[in-house]
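Enquirer: In this note's numbering, the protein residues as written are 78 to 247.
Supplied in structure tokens, the structure appears directly below.
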């Protein structure tokens, strides 16, 4: 009889993992303050798509991803940025703590896409740790992201680090 292979599960938890328990939930990640923002480079738009937490954003659905860009037919392919935005609360209020961008190329017609899953995971981690990694983005996309973050909350933008504001100047 064939045994079902047990899949590794990834749990997103709410609030502090150890509230009321000494060891329950230790080692679990709290992704409550992280939001994935998808930037459509061609359209110049940015949207929050929580589905991207599990690689199930509107852009990623029904697309098979490859770690090699040459697997994606160039004709009809669209470039996207997946930006991990982490919010923390400081003494003056909430602010944008970590912002890291990852590249994606998607050809919806051919149902093929390019992304580096290890890069996406590492950038999520870096965002949670307060890193700003957007220097590889094109200037137009940086402006779209900056305008999106300012439009979402100008107070949070004003409380954010000068490093973030400098990095997103286009």
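Positions of the beta carbon are idealized from the N, C-alpha and C atoms, including for glycine.
For clarity, every value in this text was computed on a predicted model and none was experimentally measured.
Consult DSSP for residue 248 and reduce its assignment to one of helix, strand or coil.
Expert: No statement about residue 248 is possible, as the shown extent of the chain runs from 78 to 247 and does not include it.
Enquirer: Does the beta-carbon of residue 160 have 16 or more other beta-carbons within 10 angstroms, so that it is buried, or is it exposed?
Expert: Label assigned to residue 160: buried.
Enquirer: Helix, strand or coil for residue 110? Go by DSSP, reduced to three states.
Expert: The answer is coil: DSSP assigns residue 110 none of H, G, I, E or B.
Enquirer: Excluding sequence positions up to five away, which residues of its chain have a Cβ less than 6 Å from the Cβ of residue 253?
Expert: Here the chain covers residues 78 to 247 and nothing more, so residue 253 does not appear.
Enquirer: Quick one: what's residue 190 bridged to in DSSP?
Expert: Its beta-bridge partners are 142, 183.
Enquirer: Quick one: Cα of residue 243 to Cα of residue 131, how far?
Expert: If you take the alpha carbons of residue 243 and residue 131, they lie about 30 Å apart.
Enquirer: Could you check whether residue 140 and residue 182 sit closer than 8 Å to each other, using their CB atoms as the reference points?
Expert: Taking 8 Å as the Cβ cut-off, residue 182 and residue 140 do not qualify as a contacting pair.
Enquirer: According to the neighbour-count rule (16 or more other Cβ atoms, all chains shown, within 10 Å of its Cβ), is residue 204 buried or exposed?
Expert: With 16 or more Cβ atoms within 10 Å of its Cβ, residue 204 is classed as buried.
Enquirer: DSSP three-state call for residue 156: helix, strand or coil?
Expert: In the structure shown, residue 156 sits in a strand (DSSP, three-state: E or B).
Enquirer: Taking contact to mean at least 3 C-beta pairs separated by less than 8 Å, is the stretch 142-152 in contact with the stretch 188-196?
Expert: At 8 Å Cβ cutoff, the stretches touch.
Enquirer: Quick check: what's the CA-CA separation for residue 303 versus residue 174?
Expert: An answer regarding residue 303 cannot be provided, because it is not within the stretch 78 to 247 covered by the chain.
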